[in-house]
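Residue numbers -29 to -1, 1 to 317, in mature numbering (1 follows the signal peptide of the UniProt record, and there is no 0), belong to the letters of the sequence shown in order.
The block underneath contains the structure these notes are about, expressed in C-alpha cells.
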Amino acid sequence: MRPLPSPRPGVLVALVAVLAALLSGCVSGENTDGSVGAPPPGGTTVKLDYAYYNPLSLVIKEQGWLEQEFGPGSVQWVLSQGSNKANENLRARVIDIGSTAGTPALLARANGSPIKAIDVYSRPEWSAIVVRANSPITQPAQLRGLRVAATQGTDPYFFLQQTLAGAGIPAGGTEIVNLQHADGRQALERGDVDAWAGLDPLMAQSELQAGSKLIYRNLDFQSYGLLNADERFLAEKPQVAASVVRAYERARAWIRENPQAAVTTLARAANIPPQVASRQLLERTQIDIDPVPGDPQRAVLGRLVPLLVSGGQVRSEAEVRTALDTLFEPTLATQARGTTSAGTPS
C-alpha cells in the first residue's frame, strides 16, 4: 500500500496553531489578559509616561485600554515626577509621549527638543504659593529676600516667576531653591524654606495633613496640561499616536461619568488619602475642556514669552516665538474629540 503523503508545511503550521488554541482554552484572537491579537513581535509598541499630576494617564494605565488594543506587553509605562523629568525623557527617547505643563513644553521646543503638543489633557489649578501653617507670610510681596522652593523647568516654577513679577520683586530679589516637588514640600514643612511653589497632589496633601496655607492662587498663571509626542515617533507610528490620543479622550469621558472611581484611581496610584485626591481632581482640575491644542494655550504661553527671554530661559525671543508657532499639532485630538470608548466618538 502506498504511504500517505506528508502534510504540507503550511497545513502543519495551521494544525499546530489550532491545537495550541484548543489547549489554551482561549477564544480565537483573544489573549489571556483579554487583549486581542498576538503580542507585538518587536516588543514594546509605545513608551508612555504616567504622572500623578495627570489623572487621565492613571486611568488609562489602570484600565489597560492600550494593552487591550495592541496586545500584552505593548506599553512601557514610565513615571514622570514633574514636567522637567518628562521633558528629559522625551529628549532622551526614554518615552515617546509624555505629559507636561504648557510652559515647560514650549521651553523644551525652544531649546531644541523635537516635540509636538498633540492633546490638552486638563486645565488644572495645580500650582500656588504655599507657606507653613504658622507662617506670618500672607501675600507674595513679603517673599522679597526669602527662600522659596521650586522645581526649575516646571509650571510651579513659572507660576512663581509670574507671581514675583506681579508683586514687584525683581529677578534675584528672592532666593529660589531648586528642589524636586516632593523635596520642596518636605523643605517647607521642615522650615528649611519660607515658601514653596507647590504642585498637586503634594500641595493638597500638605494642606490637609500639615495645615499648610495657599497664600496666592491664580488660574491664569497655569499653562494647561499638554500631551507631547516626539516628532520622530509621530512620523514612524502615527496610528499608535492616534490610539493614545483616543485613549485620553476615553479617559476624559470615563472620569466625567465615574468621578469617585477616578478619585480612587488617583489615590491608589499616588498613595494618597482619598480626600487629598478629591481636592486635586474634583476641586482643582478641569478636564471637561476642548482637547485640541490651539488658541487658548497659545494665549497663555504668549504672555510668558517676555518672562522666558528676560530670565534667560531661552536663547532669543525669535527662537521662542518660532517654537510657539510650531508647538501645536491639533490633528489627532480633532479626530479623537468626543471618543467615549475604543475608537468610538460620542
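We treat Cβ as the ideally placed atom computed from N, Cα and C, and that holds for glycine.
- Here the C-alpha atom of Ala166 lies approximately 12 Å from the C-alpha atom of Leu135.
- Beta-bridge annotation (DSSP): Asp201 is paired with Ile86.
- Contact annotation, Gly73 with Leu61: C-beta distance approximately 15 Å; criterion of less than 8 Å not satisfied.
- Listed in chain order, the non-local C-beta contacts of Ser93 below 6 Å within the same chain comprise Gly196, Thr256 and Ile258, local neighbours out to five positions each way being set aside.
- Runs of the alpha helix (DSSP H) lying entirely within the region 190 to 245 and spanning at least 4 residues, in chain order: 202 to 207, 209 to 228 and 230 to 241.
- Less than 9 Å divides the Cβ of Gly53 from the Cβ of Gln151.
- If you draw a straight line from the Cα of Glu40 to the Cα of Gly265, it comes to about 29 Å.
- Taking the CA atoms as reference points, Gln34 sits about 32 Å from Leu78.
- In this structure, the straight-line span from the alpha carbon of Arg161 to that of Thr236 is close to 30 Å.
- Rounded to whole angstroms, the gap between the alpha carbons of Arg221 and Ile31 is 8 Å.
- Counting only residues of its own chain and dropping the five nearest sequence neighbours on each side, Pro172 has a CB closer than 6 Å to the CB of Tyr23, Ala241, Ile243, Val247 and Gln251.
- Leaving aside the five residues that flank Ala200 on each side, the residues in its chain whose CB is nearer than 6 Å to its CB run, in chain order, Ile68, Lys87, Ile89 and Ala212.
- For Val30, the enclosing alpha helix (DSSP H) has its first and last residue at Pro26 to Gln34.
- Ala232 counts as exposed, since fewer than 16 other C-beta atoms from the protein chains shown sit within 10 angstroms of its C-beta.
- The distance from the Cβ of Leu27 to that of Arg227 is about 11 Å, inconsistent with a contact at the 8 Å cut-off.
- Rounded to the nearest whole angstrom, the C-alpha separation of Gly139 and Ser249 is 35 Å.
- Leu298 is the residue among Thr311, Asn189 and Leu298 whose C-alpha sits nearest the C-alpha of Pro85.
- Collapsing the DSSP output to three states places Thr297 in a helix.
- Where Val102 is concerned, the enclosing beta strand (DSSP E) starts and stops at Ser98 to Val102.
- Comparing alpha-carbon positions, the option among Lys208, Gln210 and Glu254 lying closest to Pro230 turns out to be Glu254.
- Pairing Val280 with Ala289, the inter-Cα distance amounts to about 10 Å.
- Beta-bridge partners of Thr71 (DSSP): Leu197.
- 9 Å or more divides the Cβ of Ala76 from the Cβ of Ile66.
- If only uninterrupted alpha helix (DSSP H) runs of at least 4 residues are considered, those enclosed by the region 111 to 151 are 126 to 137.
- Just so you know, the alpha carbons of Val164 and Leu114 end up roughly 11 Å apart.
- Residue state for Asp261 is assigned as coil, using DSSP reduced to three classes.
- DSSP places Gln47 inside the beta strand (DSSP E), whose first and last residues are Val46 to Leu50.
- Counting C-beta atoms within 10 angstroms of its own C-beta, Ala238 has 16 or more neighbours from the protein chains shown and is therefore classed as buried.
- If you draw a 10 Å sphere on the C-beta of Ser194, you find 16 or more other C-beta atoms in it, and that means buried.
- Taking C-beta separations shorter than 8 Å and ignoring five residues to either side along the sequence, the partners of Tyr187 in its chain run Ala99, Ile100, Gln110, Pro111 and Thr134, following chain order.
- Secondary structure of Val271 (DSSP, three-state): helix.
- Distance from the CA atom of Arg64 to the CA atom of Pro107, rounded to whole angstroms, is 45 Å.
- Membership of Leu303 in the alpha helix (DSSP H) is indicated by the continuous run Thr302 to Ala307.
- Looking from the CA of Leu117, the closest CA among Thr15, Pro127, Arg269 and Val148 belongs to Val148.
- Each of Glu59, Trp36 and Ala304 was checked against the Cα of Gly124, and the nearest Cα belongs to Glu59.
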